[in-house]
Every structure is written in structure tokens, then in C-alpha cells.
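Below is one structure; the comments refer to it alone.
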Amino acid sequence: MSEIPLPQVAKRVVPWWLLRHETMLAVILLVALIVLGGLNSRFLTLDNLLNQGRLTTEVGLIALPMTFIIITGGIDLSVGSIVGLCAILLGYSWKVFGLPLPLAICFSLFVGAAAGFLNGIVITRVKVPPLIMTIATLALYRGLAEGISQARSVRGYPEWFYFVGQENLFGVPAQLWLLLIAIVVTAIVLDRTTFGRTLYAIGNNETAARFSGLPVDRVKLIIYTLSGLMAGLSACVLVSRVTTTRSDMGIGYELDVIAAVVLGGTSIFGGVGTIWGTVVGLAMIQLLKNGLALTGVKGDATIVVIGTVLILSTLVASSLQRRREGV
Amino acid sequence: MTAMTLAGTGADPRRRLKVLASQEALLAIAVIGLAIAVGLYNPRFLAARNLADVLLGNAYIAVAAVGMSMVIVSGNIDISVGALIGVLATFSGTLAVNGAPIVVAWLAALVAGVVVMALQGVIIAYLRIPAIVVTLGMLSILKGGLISVTGGKWITDLPDSFHLADIELFGLLPFPVFLMILVTILAALWMRYSASGRAIYAVGGNAEAARLCGISQPRTIVMVFALHGLFAGAAALLYATQLRVIQSTVPPNLELTIITASVVGGVSILGGVGTVVGSTLAAVLIAEIASALVFIDVSPYWIRAVQGVLILVTVIADILRRRRMAGA
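In order, the protein sequence lines correspond to chains Y and C. Residue 19 in our numbering sits at position 19 of the first sequence; the count goes up by one each step and never skips. Throughout, our numbering is defined as the position within the second sequence, counted from one, plus 327.
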């Protein structure tokens, strides 16, 4: 890379914060809200928006740790399969092995964390690239879910279990509180703690981070484990919402999650990204789905749009970054 | 083992050849050993009919894995290929049903495969977007697009001449198996002995060194993806013609099976190493395992878990072996 021409930075006409990815995205989000609201009167109602929040929680819970992972320059493609595995184990440990449901939930969360830990330990100890490791476990965890369940579903959970997925707490969908807490905690961790700053250091230059004495491997191990744990939590919320357990749950989640994170301005090359951006990205994806659905577009066409958004937003982000670096 | 101390990078071509040969020999032994072991448990597994079905039904995976191996050797990955095969099969079948000459229907699948993959190659190589993002996006575009265009309707009444898989050469060699062998041999020779074939290894092994040698990295990557698209088109034709109907959906997780074949076949995920002979043997092995599960009374629902373990074990073994060679 050539040297960065320093003096030209000062010549900007537009204030820097307006050019931030997150700000631009928030403006686009506002415009989209207004346009969709104008097109369909059912869209801009509190009920609809809260319901969209309910629907986005499962993807959102996973997108937060995914932001951490992508900031370090890694990726986790196995999250959708972990959701499937945890959902199946939740159902099976309760119905077939006869565990009390609260214990079954703990067990399922534990398995999620263990699945993420396995990703993390092989990535840090054996140095298998995260992409390949999580493609392997994408197959493995989904395969375990299919093998254990033999494609049978579990239903008939006790009534109280549906609270998180279907009821409201203080007028807001119950699971949205979970997501809000997770957002606040991860935002503080990323922005205000040594741990969070270490993530950026790893993403910008892992070797330098290592030589600076940062616990690179331990930090990576923690974020992949966290990713698995949150996928387990997401599985419990999902089962509670749809009242049944199937081995194909969570298929394709990695697309929504990665699209939300990348759309939110986290660089796929690592080193750049915020939780706030991911939250706006999540909102964009969910509103896109909802807006398209309300205008009569079917679900399958929606994933075409999300795929296109994923590629285009990466293109725009990387060309903006290249221009900023003056390459 | 002491001789290894000299070349710390493990770049000695003779030793690399030996390692590769052992990977392929290992796979060949595994293919035969598994057949014998399962045959002892349940002799029906060794019935000529069953073995032929295993080969016939999975030749398309080996063909697609040849292209995938090139992509991985060049240091990239493609998870859109399964969806593309579904789209191309439907595309070609629709043309054939609507009265297009059969040859046109066949060629259309090949051309469309090349176009879609070359486009991805251009985005990856010239616009420098990571392959995983581009192919993940393309996967959903193809998958969603196929279902919304066709509505999931099956294509039936395919003209008899459309079925490539029915052709038998010299009265006994089924066309899919012939194509699998031919593609593997041609691709292996090309990758080993031609300058453009060697360029794939150079780009995947050390992009900077390749550039200094005058190899255009973007051009090589676009070429690799275009070829990969051609093989995907051929695989789609085999896939489309082995059943009497085309289901107009994306075969679920086909890309995982294809990636497994490439990786288990000895293509290093770090780029720069691997041959398509290995990937074809691995494709046969995976198909054999899937069939064997049924014969040893294990539910076929476990097959994907087996695939996951296979990738995991090969990748870890590959990295540990390299590390030992580098550190010995």
C-alpha cells in the first residue's frame, strides 16, 4: 500500500459523522420506513413494528456475537446448524430423556456453548481457518440434529414455556427484552472494555496484537463460544415462539445474520464495525422482509433481495473504504 | 524424517508429490477396504447392481467436485454450486420440454453455468469481495429465484433423448461414469502439465510470488470460476437426467457434499495443494459410505454428520501434517 496523503483529509466538505456508514444507513432506514408506510397503511403501526421486533429476535441474538467475530476477521457459518441442534436437544432431553423443562433449557444452552467452544478451540489451537472449520461444523451439527431426531418433531410443551416467544412484558414482546439487554451489554463490552478493543486490534493486525501481549487466542475462544451460546438461546426463543421442534430449524440463518452484520457497516475484512450498525442492519433486513411481504412478494423472492443486498452492501462498503485510503 | 529439516517451508516438489500420492492411495485403499468390510457384514452390498448404482447416482458430485477443487486450490471457496446445479437442471429441462433441440438444451446449461460462475469470479477477483460473501449472496439469489420463478413445479414429460444418463458407451460403460473419469483425467493432466493449470497452484499458494512471476491473479481466478461453472453445468445435466423428473428445487446441502469431496480428496483449504484425482476418489468414498449406512442398518439421517466428521478430520490432519513438516 502507498502512503496515505494526510493533508487532504481536512478538505472534506461534509462533516465526518454524516459519512459514517451507520448514519447513512439510519437515513436510508428512515426513508424506507416512510415509503413503506405510505405504500401500505398496515405497515407503520405500533403493533406491526413490535411484531417485527419479535420476529427479528432470533436472528438478532446471533448477529451480536457475529459482529464480534467478523470484527476479528473471522466468520461463523455454523450458527444455523447450532440452532437446529439445540432445538432438537431441547425437545429430546425434555420429552425423551425426561429432564424437567428448565433443566432441558440449560442443557440446550450448554450444548450451544459447547458447539461454539469446539469451533473456537480448533480455530485457535489447530489454526484451521474459521471459514472451513464452521463449514465442517455446519454439516456436523445439522447432521447430529438430523441423526438424533430421525426427522421427528417434538411438540406439546407446557403453557408457561410459550411466554418468552409469544407473550408481552410491559407492552413489548417478551423476547425483545432479551434482545435489548443483549444489545446494551454487547455494545458496552465492544466500546468500553479492553476485551472489546482487543477485538478491533485482532481484526486490524493479528500479529501486532499478539506481539502487544494481547490474549488473542483466549479472546477468540470466548467469542466463538459466545456465538454458540447465543445460537442456543435463539433456539429456545424460536421453539417457544413456534411451539414445535424440528431438525431443519435455523437453516439459512447464517445468511440473515451475516447480511445484517455486513449491511450494518462491519467490514468483512475485519477491524471495523459497531453493535449500533448491526442493530440498524437487523432492522433494515426485517423491514425489507416485512415490507416485501406486505406488498405481496413471497418469502422465496425475499431471500433473493437479501442475497443481493449482501453483495451490494459489501461492494459499496469496500469501494468507499478504498477511496478513503486513497488506493 | 531427518531430511525434512532442510526445506522448512515444505515446498520440495518431490516430497509434496509423495504426500499427495499417499492421500490418493489412502483414499483408494479406503474405498476398497470399506467395500470389503461392509460386504463381509452384508454381502448384498457388493451386488454389482448396488455398486453400479452408487457410481451412477453420484458421478455428478465427482464432476462438480473437480471444479470445486480448482476453486479451493486457487484459495477461494464456492457455496453457491449446489443451488446453481438445481437452477441449471431446471433451466435445461424447461428448454427440452418446450421443444428446444436437445443439444441446445444441453449447451444452454453449460453456457449458463459458465456465465454465472464467471460473473462471480469477476466480482471476487476484480472488485475484491471475499468469495464467501459473493457465493453466499448468489446461493440465496439462485435458491430464492428458482422457487419463485417455477413455484416448485416438477418438470415431467422430458423427451427420452434428453437423458444423458441413459447413454451407455460400448454397451456397458454408462455415460455419467465415463464423463466422471474423462473429466478427472483431463483436469488432472491440465492442472499438472499446462502453464495455465500450474497458475492455479501459484495463485493459491502464494499470490504475491505468482504476481511477480507475471501471472495475473484476477484473470486466473476468473478462469477457474468459469471452468467451475462449466463442470457445474455438466454435473447439472447428469443430475437432471438420472431421474425421470426434475424437481425444480435446489438439492439441499449439495454444496456441502461437493466441498466435502474436494477437501477429503486432499485439496488443502489453505490453497495451493491438491489434485482432482483425490477429489473424485473422495466423491466415490462418500457415496459408498452413504450407501453402506443402509446396509449396516444405520439410519441414513446420519450421513451429514459423517460428512462433517470427515471434513473435520481431513482438515485437522492436513494442518497438523504441514506443521510437523515445517517444524521437523
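Positions of the beta carbon are idealized from the N, C-alpha and C atoms, including for glycine.
Between R323 (chain Y) and T193 (chain Y), the alpha-carbon positions lie close to 31 Å from each other.
In the structure shown, the three-state DSSP call for I573 (chain C) is strand. No alpha helix (DSSP H) of 4 residues or more sits fully in the stretch 131 to 164 of chain Y. Taking a Cβ-Cβ cut-off of 8 Å, S595 (chain C) has no neighbours in chain Y, whose nearest Cβ is about 10 Å from it. Per DSSP, the beta bridge partners of V172 (chain Y) are Y:L169.
Just measuring C-alpha positions, the residue of C:I468, C:A619, C:L415, C:V633 sitting nearest G252 (chain Y) is C:I468.
Taking a cut-off of 8 Å for Cβ pairs, the stretch 407 to 421 of chain C and the stretch 591 to 599 of chain C do not touch, as fewer than three such pairs fall below it. At a cut-off of 8 Å between C-beta atoms, K470 (chain C) counts as an interface residue with respect to chain Y. Between V460 (chain C) and Q175 (chain Y), the alpha-carbon positions lie close to 30 Å from each other. At a beta-carbon threshold of 7 Å, the residues of chain C lying near L131 (chain Y) are I404, I459, ordered along the chain.
With contacts defined as CB atoms closer than 8 Å, H555 (chain C) and M444 (chain C) qualify as a contacting pair.
By the beta-carbon neighbour count (other beta carbons within 10 angstroms, threshold 16), R371 (chain C) is exposed. With a cutoff of 8 Å on beta-carbon distance, A632 (chain C) and G143 (chain Y) are scored as near each other.
Each residue's CA atom was taken as its position, placing V621 (chain C) and A145 (chain Y) some 19 Å apart. By the C-beta criterion, the stretch 33 to 45 of chain Y is judged to be in contact with the stretch 279 to 297 of chain Y, since at least 3 inter-stretch pairs fall below 8 Å. Under a 10 Å Cβ-count criterion, D645 (chain C) is classified as buried, with 16 or more other Cβ atoms of the shown protein chains found around its own Cβ.
Under the 8 Å criterion on CB atoms, W481 (chain C) is classed as non-interfacial with respect to chain Y. Within its own chain, the residues whose Cβ lies closer than 6 Å to the Cβ of I82 (chain Y), once the five positions on either side in sequence are excluded, are G112, A115, Y141, G228, A231, listed in chain order. Close partners of Y628 (chain C) in chain Y (Cβ separation under 7 Å): E146, G147, Q150, A151.
For C236 (chain Y) and E58 (chain Y), the gap between their C-alpha atoms comes out near 9 Å. Taking 8 Å as the threshold, the shortest C-beta distance from M397 (chain C) to chain Y does not fall below it. The Cβ atoms of Y200 (chain Y) and I105 (chain Y) lie no closer than 8 Å to each other. For N377 (chain C), the enclosing alpha helix (DSSP H) covers residues 375 to 400.
Here L499 (chain C) carries a coil assignment [DSSP, helix/strand/coil]. Within the same chain, Cβ atoms closer than 6 Å to the Cβ of I75 (chain Y) are found at P130, L131, the five residues on either side in sequence being excluded. A buried status is given to V279 (chain Y), since no fewer than 16 other beta-carbon atoms sit within 10 Å of its beta-carbon. In the same chain as I69 (chain Y), and ignoring 5 residues on each side of it, the C-beta atoms closer than 8 Å to its own belong to I75, D76, P130, I223, Y224, S227, in chain order.
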